[in-house]
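Chains as they are written, first to last, in my numbering: chain P, 59 to 396; chain Z, 15 to 98.
Accompanying notes for the structure given below.
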Amino acid sequence: MKFKSLGLAALLLAVWLVLYVFLLSAVDGLVYGVLHLEPGTRLTSALHFFLYEAPKVLLLLTIVVFGVGIVRSYFSPEKTRKILENKPILLGNILASMLGIVTPFCSCSAVPLFIGFVEAGIPLGVTFSFLIAAPTINEIAVVLLFGLFGWKVTFLYVSMGLAVAILAGFVINKLKVERYVEDWVFTIRSQPPEMQEEQFRLDDRVGFGFTQVREIVSRVWLYVLLGIAVGAAIHGYVPENFMASFMGKSAWWAVPASVLIGVPLYSNAAGIIPIVHALLEKGASLGTTLAFMMSVIGLSLPETIILRKVLKLPLIFIFVGVVATGILLVGYFFNAIM
Amino acid sequence: MTTVKVLGAVCTKCKVLHQHLLELKTEHDLDFGLVKVTDLRKFASYGIMATPGLVVNAVVKSVEIEPKDSQLLQWLKEQSNAAR
Chain P
59 MKFKSLGLAA
69 LLLAVWLVLY
79 VFLLSAVDGL
89 VYGVLHLEPG
99 TRLTSALHFF
109 LYEAPKVLLL
119 LTIVVFGVGI
129 VRSYFSPEKT
139 RKILENKPIL
149 LGNILASMLG
159 IVTPFCSCSA
169 VPLFIGFVEA
179 GIPLGVTFSF
189 LIAAPTINEI
199 AVVLLFGLFG
209 WKVTFLYVSM
219 GLAVAILAGF
229 VINKLKVERY
239 VEDWVFTIRS
249 QPPEMQEEQF
259 RLDDRVGFGF
269 TQVREIVSRV
279 WLYVLLGIAV
289 GAAIHGYVPE
299 NFMASFMGKS
309 AWWAVPASVL
319 IGVPLYSNAA
329 GIIPIVHALL
339 EKGASLGTTL
349 AFMMSVIGLS
359 LPETIILRKV
369 LKLPLIFIFV
379 GVVATGILLV
389 GYFFNAIM
Chain Z
15 MTTVKVLGAV
25 CTKCKVLHQH
35 LLELKTEHDL
45 DFGLVKVTDL
55 RKFASYGIMA
65 TPGLVVNAVV
75 KSVEIEPKDS
85 QLLQWLKEQS
95 NAAR
């Protein structure tokens, strides 16, 4: 009984591998063999896309969320805060952005985390680097990007997300925005909780991974399916190059338009990425697509509303403005080089 | 009487923990007051940076995780014994 979670994990990993390896042949067999659909028609193309991509992405999601769950059990906001204390500005921004990826975070804990960082004397810009990177580069986005776009786009997205988080935090530092933080934030003196550092065994951490899978997959699977269904319909029925005229490279206004639409549009990565993938296939340019995704995922309305409790309105606008500008630059940059 | 506070505003885990404590209370016939704290400012004064936070008689017992039943029961019984 001592290594219950570990044993279960090993067994499930084997099942996972079998499913993943044989998925494509199983779907081919079903679509062409059992259903006798004619290859090359719109319906076949859309159906095959859905039947293959949906289980593939869900499989990838399960394994990555599980892995990230284990990695996150080694990090906590307290440890991250300790690492960021007394670091010089730029190094602080870089570290904060990277730690934003691995530290457990949800938008509901943005405020306590913000206060905790301010209390420890961590510069505002460094805190913002963390708050930008944490939601932008999340495991769900990474899985969907990898599953649908491949590793190159995933790598670009992650590195550009990091770049925006680092630079936006750096710029916010330079703007000296301390006066726009609600005054009461600076007066809080908390008692650090006297908890013992918890001693997790590997088996506990694996168990933590399982909890994460249950929690996250049960929350997003429906969005994944809906997103892939819409993506499949676009894949099968929208003509080639349909998007080129208004999301293509030649349309200079496409990047700012994507950001303007993307920022208030709140969706999770699970729903939006399959749709965006299909648009890219139909002629949208990579820069415009990346900018749209980042603004939808990274800048969320609920998070800014929550942050309003600790930030005065001008700083909310500065925050959104600086990040949106960064995303805009990413979009133009990729449209220029690709 | 022991006071148990669950600190958490909107997260799913916070609701689950709150609900779970209620179940344990009836199941094991425990005597404690259960309060749900949703004011984000109060979280900070307890020094927690992630939710849910579990506070038993003003002492932070756990942050971010959903503690196991055996652990929860131990904390709750410890406190009510100490109070006697």
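For glycine and all other residues, C-beta sits at the position ideal for the given N, C-alpha and C.
How about residue i and residue j: do their beta carbons lie closer than 8 Å?
| i | j | result |
| --- | --- | --- |
| L182(P) | V235(P) | yes |
| L21(Z) | T65(Z) | yes |
| A349(P) | V321(P) | no |
| A72(Z) | G174(P) | no |
| F188(P) | G158(P) | yes |
| N299(P) | G227(P) | no |
| I198(P) | V278(P) | yes |
| A328(P) | L202(P) | yes |
| I286(P) | A112(P) | yes |
| M218(P) | V388(P) | yes |
| V73(P) | V282(P) | no |
By Cβ distance, which residues of its chain are closer than 6 Å to residue i, with the 5 residues on each side in sequence left out?
| i | result |
| --- | --- |
| M352(P) | I385 |
| Q270(P) | V123 and G127 |
| F107(P) | A290 and H293 |
| D261(P) | F61, S63 and L64 |
| K19(Z) | V49, V51 and V69 |
| L171(P) | P135 |
Starting from the C-beta of residue i, find all residues in its chain whose C-beta is less than 7 Å away, skip the five residues before and the five after it, and write them out in chain order.
| i | result |
| --- | --- |
| S131(P) | F258, R263 and F266 |
| H335(P) | L206, F207 and G289 |
| E361(P) | S165, A168 and P193 |
| F392(P) | L344, G345 and L348 |
| Y90(P) | P97 |
Along the chain, where does the beta strand (DSSP E) containing residue i start, and where does it finish?
| i | result |
| --- | --- |
| T16(Z) | T16 to L21 |
| S76(Z) | V73 to V77 |
| V51(Z) | F46 to V51 |
| L203(P) | Looking at the DSSP string, L203(P) is not in any beta strand (DSSP E); the run it does join, the alpha helix (DSSP H), is E197 to F207. |
| L365(P) | No beta strand (DSSP E) contains L365(P), which is instead part of the alpha helix (DSSP H) from L359 to L365. |
| V69(Z) | G67 to V70 |
Return the Cβ separation of residue i and residue j in integer angstroms, given the expectation that the two are a contact with Cβ distance under 8 Å.
| i | j | result |
| --- | --- | --- |
| E80(Z) | V24(Z) | 16 Å between Cβ atoms; not a contact. |
| I369(P) | V239(P) | The amino acid at residue 369(P) is misidentified as Ile; the sequence shows Leu. L369(P) to V239(P), Cβ: 6 Å. Contact. |
| F186(P) | P162(P) | Going by Cβ atoms, the distance from F186(P) to P162(P) rounds to 19 Å, so no, they are not a contact pair. |
| L233(P) | A191(P) | About 19 Å separates the two Cβ atoms, so there is no contact after all. |
| V380(P) | G356(P) | Going by Cβ atoms, the distance from V380(P) to G356(P) rounds to 12 Å, so no, they are not a contact pair. |
| T17(Z) | F46(Z) | 7 Å |
What residue range is occupied by the uninterrupted alpha helix (DSSP H) comprising residue i?
| i | result |
| --- | --- |
| G285(P) | L260 to Y295 |
| H335(P) | A327 to E339 |
| A58(Z) | L54 to S59 |
| G170(P) | Here the sequence assigns Pro to residue 170(P), which means Gly is not the residue at that position. Unbroken alpha helix (DSSP H) run through P170(P): A168 to E177. |
Apart from the five residues just before and just after residue i, which ones in its own chain have a Cβ nearer than 8 Å to its Cβ?
| i | result |
| --- | --- |
| L337(P) | I292, M301, M305 and T347 |
| I230(P) | L182, G183, F186, I376, F377 and V380 |
For a minimum of 4 consecutive residues, which ranges assigned as the alpha helix (DSSP H) are wholly contained in the region 103-148 of chain P?
135-142
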